[in-house]
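Peer 1:
Residue numbers (my numbering): 238 to 448.
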């Protein structure tokens, strides 16, 4: 469901919108399906050798710290990944891939993306400041770059998944504010209009690789 732009949103650090404010924004009802938090990488070396057996949590909540990312995650506080510390992914992309490859259903956690959403078109958010509201908490992000899949997708999902996921691997974001993400119903606040019906459609944005 899309809400009309309003001016009563809280005063965001980003200036996305504020009470009595000037900035237009759009609100979309979405769902946070999964919150993946893992302290170490699972995909490294040769894919044929198998993924590492590492602790991975599908959390009910995830704490986000401004400028650092998700507490307890492998990218938290890493200077080289400040602008890509939190990954968002649309589950519709995975569902479309399963249909195209005549495989699946796929486990969304196998993508190793942090925030798995339903109802969110993500590609237009690259280069934009936006926010996720869930459980009474608002967390602001900057869409840094597309999240390009790695060849491991052929092993952990299905043959051909690596190519099929290109252009719809989600986005990598910088955390602009702290807060708590909650699984369940959420609101995506965007400065640009989005089309939830396009959530699973590949985009032509240049990819960036970070498994």
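A virtual CB, placed ideally from N, CA and C, is assigned to each residue, including glycine.
Would you identify the three-state DSSP class for residue 262, choosing helix, strand or coil?
Peer 2: Along the chain shown, read from residue 1 onward, the residue named residue 262 stands at position 25. In this structure, residue 262 counts as coil in the three-state DSSP scheme.
Peer 1: Are there 16 or more other CB atoms within 10 angstroms of the CB of residue 275, so buried, or fewer, so exposed?
Peer 2: Numbered from its first residue, the chain shown carries residue 275 at position 38. It is buried - the Cβ of residue 275 has at least 16 other Cβ atoms within 10 Å.
Peer 1: Where does residue 293 fall in DSSP's three states?
Peer 2: As a position in the chain shown, residue 293 is number 56, starting the count at 1. Reduced to three states, the DSSP call for residue 293 is coil.
Peer 1: Quick one: what's got a C-beta closer than 7 Å to residue 416's C-beta in the same chain, skipping five residues either side?
Peer 2: Residue numbering aside, residue 416 sits at position 179 when the chain shown is read from its first letter. Here the set comprises 301, 374, 375, 376.
Peer 1: With DSSP as the reference, please indicate the residues paired to residue 298 in a beta bridge.
Peer 2: In the chain shown, counting from the first residue as 1, residue 298 sits at position 61. In the DSSP output, where bridge partners are listed per residue, residue 298 has 419.
Peer 1: First and last residue of the alpha helix (DSSP H) that includes residue 379?
Peer 2: Position 142 of the chain shown, counting from 1, holds the residue named residue 379. That residue, residue 379, is in no alpha helix (DSSP H); its beta strand (DSSP E) goes 374-385.
Peer 1: Under 6 Å Cβ to Cβ from residue 397, same chain only, skipping five residues before and after it: list those, please.
Peer 2: Within the chain shown, numbered from 1, the residue matching residue 397 stands at position 160. Same-chain partners within the cutoff: 338.
Peer 1: Pull up the distance between the alpha-carbon of residue 439 and that of residue 403, whole angstroms please.
Peer 2: As a position in the chain shown, residue 439 is number 202, starting the count at 1. As a position in the chain shown, residue 403 is number 166, starting the count at 1. Going by the C-alpha atoms only, they are around 7 Å apart.
Peer 1: Could you say which of 308, 303, 387, 418 lies nearest to residue 370 if we only look at CA atoms?
Peer 2: In the chain shown, the residue the question calls residue 370 occupies position 133. Selected option, being the one with the closest Cα: 418.
Peer 1: Counting along the chain, where does the beta strand (DSSP E) carrying residue 370 start and finish?
Peer 2: Indexing the chain shown from 1 puts residue 370 at position 133. Residue 370 -> beta strand (DSSP E) spans 366-371.
Peer 1: Pick helix, strand or coil for residue 430, following the three-state DSSP scheme.
Peer 2: Here residue 430 is taken as the residue at index 193 of the chain shown, counted from 1. Three-state DSSP puts residue 430 in coil, outside helix and strand.
Peer 1: Could you tell me the alpha carbon to alpha carbon distance between residue 435 and residue 367, rounded to whole angstroms?
Peer 2: Residue 435 sits at position 198 when you count from the first residue of the chain shown. Residue 367 sits at position 130 when you count from the first residue of the chain shown. Cα to Cα, residue 435 sits roughly 18 Å from residue 367.
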